[in-house]
Amino acid sequence: MQFAHSQHSSTEEAGLEKPLDVKLVPQGIFRAARKISDQIDEELRRERIALQHMRGPKILLLGSGDSGKTTVLKQMKILHGDGFDEKERDAFRVRIYDNILDSMKALVYALETLGVQLAVPSNEVHAKRIVTHTPRVGERVLTPEIVESLQELWKDAGIQQCLQRSNEFFIQDTAE
Numbered sequence: 067m068q069f070a071h072s073q074h075s076s077t078e079e080a081g082l083e084k085p086l087d088v089k090l091v092p093q094g095i096f097r098a099a100r101k102i103s104d105q106i107d108e109e110l111r112r113e114r115i116a117l118q119h120m121r122g123p124k125i126l127l128l129g130s131g132d133s134g135k136t137t138v139l140k141q142m143k144i145l146h147g148d149g150f151d152e153k154e155r156d157a158f159r160v161r162i163y164d165n166i167l168d169s170m171k172a173l174v175y176a177l178e179t180l181g182v183q184l185a186v187p188s189n190e191v192h193a194k195r196i197v198t199h200t201p202r203v204g205e206r207v208l209t210p211e212i213v214e215s216l217q218e219l220w221k222d223a224g225i226q227q228c229l230q231r232s233n234e235f236f237i238q239d240t241a242e
C-alpha cells in the first residue's frame with residue numbers, strides 16, 4: 067500500500083501555522099512593539115514608586131534589650147496612626163499587670179539578698195501573698211487582695227531601700 071505524498075508539512079496538517087519568517091515582517095512593527103513595551107515598563111515603574119510612597123518610609127530601630135524600641139513604635143502608632151483597638155489594649159493591660167507583679171516579686175526577693183528587713187512586720191503577709199500569687203492565664207484584673215498587698219509593700223521603707231539599690235539585682239526599668 068502506498069501513501070500519496072502530501073505537499074503540506076506536518077504542522078500545516080495539524081492546523082498549526084508556520085513559524086513567522088522574521089525577514090518578511092516590516093521593521094516598523096518591531097519598533098512599534100518596542101515602543102509599547104517601553105511604555106508598559108515605564109507605567110510599571112511609576113506604579114512601583116507610587117506603591118512605595120503609599121507604604122511610607124521604612125525605619126530601622128536598633129538598640130539593646132529594654133532600650134525602648136517597642137515604646138517608640140507604640141508612640142508612633144498613637145501619634146500618627148489610629149491608636150490601639152480594644153484587643154490590643156487588653157493584651158497590654160495583661161503585660162502591665164505581669165510586669166507590676168514581677169517587679170514586686172523581685173523587690174521582695176531582694177530583701178533577703180540585700181539583707182534588708184521590711185519596716186512594717188505585718189507586711190510579711192503581703193510579701194508572701196505576692197510571691198505565691200500565680201495569675202491565671204490571660205487574667206485581666208488584679209484582685210483587691212493583690213492590689214492591697216502591692217500598695218502596702220510599695221509604701222514600706224524596706225522595699226524602697228531595695229529599690230534604691232536596684233543596681234545590685236535585676237529588676238525591670240519600669241519598676242518605679
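Heads up: the sequence shown begins at 67 in my numbering, then just goes up one per residue.
Don't be surprised by glycine CBs; every beta carbon is placed ideally from N, CA and C.
What three-state label does DSSP hand Asn233 in the structure shown? helix
Pop quiz: Cys228 and Leu180 are said to be a contact at Cβ under 8 Å. What is the actual Cβ separation, rounded to whole angstroms? 6 Å
By how many angstroms is the C-alpha of Ser133 removed from the C-alpha of Lys124? 20 Å
Please report the straight-line C-alpha distance between Ala116 and Glu108, rounded to a whole angstrom. 12 Å
If you count every other CB in all the chains shown that lies within 10 Å of the CB of Asn165, and 16 or more means buried, which is it? exposed
Note down, one range per segment and in chain order, each beta strand (DSSP E) of at least 3 residues found wholly within the stretch 133-202. none
Below 8 Å between beta carbons: does that hold for Met170 and Leu208? no
State the start and end residues of the unbroken alpha helix (DSSP H) segment that holds Gln238. No alpha helix (DSSP H) contains Gln238, which DSSP labels as neither H nor E.
Which of helix, strand or coil does DSSP assign to Val207? coil
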